[in-house]
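Take a look at the structure:
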């Protein structure tokens with residue numbers, strides 16, 4: 002508890018508690034549509050938080066995180082449909098497989114000195130391998146897609162992740178909170194310090210006794226494994242999986258917009274970014290609907306404009322200046338508080 | 126047996142012989158200066174000792190154990206701390222966190238590392254700036270931060286690469302005092318330096334490199350009178 006709360010301003014705690022309480026109470030007052038919006042937001046907040054471990058903390062840019070989402074989704078869905086394995090058990094092999102694939106990518110890159118843009122390209126390449134591979138993998142439906150049985154559930158079957166939106170909402174909320182707390186603790190640990198050091202200057206980090214290969218591997222494996230859990234929820238919430246969708250690069254990009262707009266390397270960045278992006282995009286959709294305008298691709302254009310504005314006016318993301326406004330910047334000056 | 130024994134190390138960069146067959150020792154508890162004109166191969170020597178480059182020939186021994194060809198982090202763990210001539214602060218982190226990263230090398234926990242970091246910041250006179258982002262520091266302060274970070278790893282041997290450059294005379298004297306004090310407490314130091322005032326005040330022994338070769342060694346007084354050194358580096362007017 003000491004490690005968890007030490008040095009956190011009281012005002013931040015109060016704000017966080019209020020925010021959390023509002024999120025817990027939300028399903029009681031919101032309609033189904035708004036709950037789905039919140040589910041989308043939490044999904045992006047969770048996945049963004051996982052991506053942030055790799056890019057925001059350790060400075061390794063992945064543009065292929067859809068790979069891990071897809072692996073988590075396909076592994077648990079296949080185990081459930083074919084063998085009746087509960088996703089709560091199926092997520093263990095999903096974690097291992099996603100972590101192992103992350104380890105392979107990390108090993109190839111870091112062993113042979115692939116970094117920066119080239120590393121990012123490598124991550125795209127692997128996601129594309131998976132997309133094309135699963136397109137030709139008939140055991141899980143190939144390009145025609147893979148489907149989970151859908152029925153009208155009168156009761157929530159928590160063990161098999163079959164049930165109402167509200168159930169998914171609370172599971173995702175718990176996952177997002179746990180990922181947040183985990184990242185907070187990681188940043189205060191040896192690994193967290195080492196990651197930030199590697200991000201800022203690999204040469205200096207190495208000269209200070211840090212095995213940069215090992216710690217970069219930790220970041221990639223942890224980020225990959227945790228991201229796959231997002232895929233589990235994705236599969237069981239949407240009940241259908243198409244390689245062209247889950248592994249597509251646009252999914253990977255969508256996933257990292259939140260943390261970029263919220264603030265890379267900060268704890269709140271992915272959360273703030275997810276709320277801003279998805280919230281505004283859905284709001285925009287609603288407005289367009291009311292006005293009777295039907296323009297396909299308007300969401301993508303909107304994302305583009307958001308990204309452009311942030312890059313131009315708030316290069317550190319929305320969160321750092323917002324934190325200052327809220328008077329929450331009484332920390333050690335370390336990015337990521 | 127000296128703490129650091131460098132024997133016959135050479136390094137070429139695609140045909141350019143940066144360092145040729147250089148040998149020297151750094152005895153435990155001493156301060157040794159490494160001087161020479163620009164491009165003499167001083168930093169290349171440092172990088173071979175610190176593990177950035179593997180020497181083409183020769184060996185580097187620390188406490189009797191070979192360390193040449195090992196990775197920089199292994200060499201740091203073995204007890205050599207180093208600074209960079211072109212400073213490499215962790216710009217986005219606070220001054221304190223910069224030093225905490227170094228202190229974690231020898232500390233069992235983050236809280237122990239923070240304590241150690243605070244001590245080191247006090248020694249280097251950076252305590253009042255501990256919460257500032259490292260990117261906001263002036264160059265002299267960044268140089269101090271380099272020393273603080275390397276020192277926090279608790280090295281037996283500290284390699285200092287031009288930490289006086291850019292400092293004002295009073296700041297140089299202050300840094301000299303700090304280094305002498307650390308040396309008195311048992312720290313062995315090998316320093317590359319162009320500021321003669323500091324080299325003369327600190328070093329028990331001086332090694333001179335020129336065109337990648339060792340051309341002279343001795344006490345500061347002997348070096349200052351060596352015609353070979355005067356010709357290539359110190360200049361006639363030093364006579």
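Residue numbers (my numbering), protein chains in the order written: chain A, 2 to 338; chain B, 126 to 364.
Built from N, CA and C at the ideal position, the CB exists for glycine as well.
Remember, predicted model here, so these are calculated numbers, not experimental data.
Practice prompt. Just the chain A side, please: which residues come within less than 7 angstroms of residue 267 of chain B by C-beta, in chain order?
Written response: Ordered by position in chain A, no residue passes the 7 angstroms Cβ test against residue 267 of chain B, which lies about 12 angstroms from the chain.
Worksheet item: In whole angstroms, what separates the C-alpha of residue 81 of chain A from that of residue 225 of chain A?
Response: When rounded, the distance between both Cα atoms is 21 angstroms.
Worksheet item: Can you name, in chain order, every residue of its own chain whose Cβ lies under 6 angstroms from the Cβ of residue 159 of chain B, other than the five neighbours on each side?
Response: Counting only Cβ-Cβ distances below 6 angstroms, and skipping sequence neighbours, we find 167, 317 and 332.
Worksheet entry | Beta carbon proximity, residue 209 of chain B to chain A, threshold 8 angstroms | Yes, contact with chain A.
Discussion item. Suppose the cutoff is 6 angstroms on Cβ atoms and the five residues either side in sequence are ignored; what does the same chain contact list for residue 171 of chain B look like?
Written reply: Taking C-beta separations shorter than 6 angstroms and ignoring five residues to either side along the sequence, the partners of residue 171 of chain B in its chain run 284 and 286, following chain order.
Worksheet entry | chain B within 8 angstroms of residue 107 of chain A, Cβ atoms only | False, the Cβ-Cβ gap to chain B never drops below 8 angstroms.
Practice prompt. Return the CA-CA distance between residue 244 of chain A and residue 83 of chain A, expressed in angstroms with no decimal places.
Written response: Computed Cα separation, rounded: 18 angstroms.
Fill in: Residue span of the alpha helix (DSSP H) that contains residue 236 of chain B, given as start and end
235 to 249 is the span of the alpha helix (DSSP H), which, as asked, contains residue 236 of chain B.
Worksheet item: Taking Cβ-Cβ distances shorter than 9 angstroms, what residues in chain A pair up with residue 171 of chain B?
Response: Against residue 171 of chain B, chain A offers no close residue; the least beta-carbon distance is about 11 angstroms (beta-carbon pairs closer than 9 angstroms).
Fill in: Identity of the residues DSSP links to residue 186 of chain B by a beta bridge
Paired residue(s): B/130 and B/191.
Fill in: Alpha-carbon spacing of residue 101 of chain A relative to residue 208 of chain B, whole angstroms
Cα to Cα, the separation comes out at about 37 angstroms.
Fill in: Touching by the beta-carbon criterion (3+ pairs, under 8 angstroms), the region 345 to 358 of chain B and the region 171 to 180 of chain B
By the Cβ rule, the region 345 to 358 of chain B does not count as touching the region 171 to 180 of chain B, because fewer than three pairs are nearer than 8 angstroms.
Discussion item. Does any residue of chain B have a CB that is nearer than 8 angstroms to the CB of residue 208 of chain A?
Written reply: Chain B places a beta carbon closer than 8 angstroms to that of residue 208 of chain A, counting this residue as a contact.
Discussion item. Does residue 328 of chain B pass the burial test, meaning 16 or more other C-beta atoms within 10 Å, or should it be called exposed?
Written reply: A residue is called buried when at least 16 other Cβ atoms come within 10 angstroms of its Cβ; residue 328 of chain B meets this threshold and is buried.
Discussion item. For residue 260 of chain A, count the other beta carbons within 10 Å of its own beta carbon; 16 or more makes it buried, fewer makes it exposed. Which is it?
Written reply: The residue in question, residue 260 of chain A, is buried, as its Cβ has 16 or more Cβ neighbours within 10 Å.
Practice prompt. Taking residue 194 of chain A as the query, report the chain B residues whose CB atoms sit under 9 angstroms from its CB, ordered along the chain.
Written response: Contact of residue 194 of chain A with chain B by beta-carbon distance below 9 angstroms involves 218, 222, 225, 226, 229, 235 and 238.
Worksheet item: Nearest to residue 72 of chain A by alpha carbon, out of A/95, A/10, A/64 and A/63?
Response: Cα-wise, what sits closest to residue 72 of chain A is A/95.
Fill in: Three-pair Cβ contact test at 8 angstroms for the region 10 to 21 of chain A versus the region 234 to 250 of chain A
No, they do not touch.
Worksheet item: residue 238 of chain B and residue 246 of chain B: beta carbons closer than 8 angstroms?
Response: Against a cut-off of 8 angstroms, the Cβ pair of residue 246 of chain B and residue 238 of chain B comes out as no contact.
Item to complete: Report yes if the C-beta distance between residue 292 of chain B and residue 259 of chain B is below 8 angstroms; otherwise report no.
Response: Cβ atoms of residue 292 of chain B and residue 259 of chain B: not closer than 8 angstroms.
Worksheet item: Between A/178, A/302, A/53 and A/144, which lies nearest to residue 25 of chain A when the distance is taken from Cα to Cα?
Response: Residue 25 of chain A has its Cα closest to that of A/178, out of A/178, A/302, A/53 and A/144.
Worksheet item: For the beta strand (DSSP E) that contains residue 338 of chain B, what are its first and last residues?
Response: Per DSSP, residue 338 of chain B belongs to the beta strand (DSSP E) from 338 to 343.
Fill in: Opposing strand residues paired with residue 150 of chain B [DSSP bridges]
Looking at the DSSP assignment, residue 150 of chain B forms a beta bridge with B/130.
Worksheet entry | For residue 215 of chain A and residue 196 of chain A, the rounded distance between their alpha carbons | Their backbone Cα atoms lie some 10 angstroms apart in a straight line.
Item to complete: Flag this pair as touching only if the region 112 to 131 of chain A and the region 62 to 71 of chain A have three or more C-beta atom pairs under 8 angstroms; answer yes or no.
Response: Yes, since at least three Cβ pairs between the region 112 to 131 of chain A and the region 62 to 71 of chain A fall closer than 8 angstroms, the two stretches touch.
Practice prompt. Using alpha carbons as the reference points, say which of A/200, A/31, A/326 and A/115 lies closest to residue 166 of chain A.
Written response: Comparing alpha-carbon positions, the option among A/200, A/31, A/326 and A/115 lying closest to residue 166 of chain A turns out to be A/31.
Item to complete: Figure out for me which residue from A/273, A/319, A/78 and A/158 has the closest Cα to the Cα of residue 1 of chain A.
Response: What the structure shows of chain A is the stretch from 2 to 338, and residue 1 of chain A is not part of that stretch, so it cannot be assessed.
Item to complete: Count the other CB atoms, across all protein chains shown, that sit within 10 Å of the CB of residue 255 of chain A; report buried if there are 16 or more and exposed otherwise.
Response: Its Cβ being crowded by 16 or more others within 10 Å, residue 255 of chain A is buried.
Fill in: Residues near residue 304 of chain A by beta carbon distance below 8 angstroms, same chain, minus five either side
Short of 8 angstroms from the beta carbon of residue 304 of chain A, and not among the five residues preceding or following it, lie these beta carbons of its own chain, in chain order: 255, 258, 278 and 282.
Discussion item. How far does the alpha helix (DSSP H) with residue 11 of chain A in it extend, from its first residue to its last?
Written reply: That run of the alpha helix (DSSP H) goes 11 to 30.
Fill in: chain A contacts from the region 262 to 296 of chain B (Cβ-Cβ distance under 9 angstroms)
Under the 9 angstroms Cβ criterion, the region 262 to 296 of chain B contributes 271, 274, 275, 277 and 278.
Item to complete: List the DSSP bridge partners of residue 215 of chain B.
Response: DSSP lists no partner for residue 215 of chain B.
Worksheet entry | Chain-order list of residues whose beta-carbon lies under 6 angstroms from that of residue 268 of chain B (same chain, five-residue window excluded) | Here the set comprises 288.
Discussion item. DSSP three-state label for residue 109 of chain A, please.
Written reply: In the three-state DSSP reduction, residue 109 of chain A falls in the helix class (H, G or I).
Worksheet entry | Residues near residue 136 of chain B by beta carbon distance below 7 angstroms, same chain, minus five either side | Cβ neighbours of residue 136 of chain B beyond the five flanking positions: 143, 144, 169, 173, 178, 180 and 181.
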